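What follows is a single structure, written as structure tokens, with notes after it.
Chains as they are written, first to last, in this note's numbering: chain A, 92 to 200; chain B, 54 to 165.
The structure is reproduced here in structure tokens:
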């Protein structure tokens, strides 16, 4: 069974304190690696899709990178409004899309 | 506006009843997905469909059924065989180029 594992489970940062979230995935048959943000009681909001090792994408304070076996979501100088759960998902050749359990990020002012 | 709509937002079910959750999209996407999310957990795949009249089971399909008679619609029925149905249900659709998946705002199902 394809696996997606995220770490840490929870992360508390001070405003301005940069950090990274990790997503490791089953490599075989990967078509795309997705990052989402989810606020409580809402559906996930799309952030990035990565397709090949070495690829990077940025949006405001967020940057996603992909290696051969894991992906990182780097958060630079976070603000309290960045507090949310960040989800990683991997799509495979059979088109199913599997999610990790998420990292719950809290940014304190 | 284009998007994906789930209804109802909240749903209460008595034990032993079947209920159907609606998911409609006007994005012209071929692929659609149903996920279940329990408190503090990630999304678990129930069913997905790549084209009309075709769907595949995910990891936790037991006690659920789906249909895909139209491209725009992918309803999920939670049957009485699902022993622990209280959860947050999310529907998604994906572009043909698999560049991103769009999610609805979810249906919170509670068994009373």
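Glycine included, C-beta positions come from ideal geometry on N, C-alpha and C. Computed from a prediction, not measured in an experiment: that's the story for all the values here.
task: In the DSSP assignment, find the beta strand (DSSP E) that holds residue 107 of chain B and state where it starts and stops.
output: Counting along the chain, the beta strand (DSSP E) containing residue 107 of chain B begins and ends at 107-110.
query: residue 118 of chain A lies in the beta strand (DSSP E); which residues open and close that run?
result: No beta strand (DSSP E) contains residue 118 of chain A, which DSSP labels as neither H nor E.
task: Scan the region 137-157 of chain B for residues whose Cβ lies nearer than 9 Å to a Cβ of chain A and list them as they occur along the chain.
output: 141, 143, 144, 145, 147, 151, 152, 153, 154, 155, 156, 157
task: Select from B:113, B:138, B:115, B:146 the residue whose C-alpha is nearest the C-alpha of residue 121 of chain B.
output: B:146
field: Residue interval of the beta strand (DSSP E) (run including residue 152 of chain A)
entry: It is not in any beta strand (DSSP E) - residue 152 of chain A carries neither H nor E in the DSSP assignment.
query: What residues in the region 184-198 of chain A have a beta carbon less than 7 Å from any beta carbon of chain B?
result: 186, 187, 188, 189, 190, 191, 192, 193
- prompt: My guess is that residue 140 of chain A and residue 115 of chain A are in contact by the Cβ rule of under 8 Å, so how many angstroms apart are they, rounded?
  reply: With a Cβ gap of about 17 Å, residue 140 of chain A and residue 115 of chain A do not count as contacting.
query: Which one of A:198, A:176, A:194 has the shortest CA to CA distance from residue 131 of chain A?
result: A:176
query: Are there 16 or more other CB atoms within 10 angstroms of the CB of residue 138 of chain B, so buried, or fewer, so exposed?
result: So residue 138 of chain B counts as buried.
message: Using the Cβ count rule (16 or more neighbours within 10 Å means buried), how would you classify residue 193 of chain B?
response: Examination of residue 193 of chain B is not possible in this model, given that chain B is present from 54 through 165 alone.
message: So residue 94 of chain B and residue 192 of chain A are supposed to be a Cβ contact under 8 Å. How far apart are they, rounded?
response: 6 Å
field: Contact belief for residue 118 of chain A with residue 160 of chain A at Cβ below 8 Å, rounded distance in angstroms
entry: 6 Å
- prompt: Whose CA, out of A:144, A:174, A:168, lies closest to the CA of residue 162 of chain A?
  reply: A:144
field: With 16 other Cβ atoms within 10 Å as the buried cut-off, status of residue 73 of chain B
entry: exposed
task: Please name the residues in the region 155-180 of chain A whose beta-carbon is closer than 7 Å to at least one beta-carbon of chain B, in chain order.
output: 178
task: Using a Cβ-Cβ cut-off of 9 Å, state whether residue 116 of chain A counts as contacting chain B.
output: no
field: Classification of residue 107 of chain B by the beta-carbon crowding that lies within 10 angstroms, buried from 16 upward
entry: Exposed is the call here.
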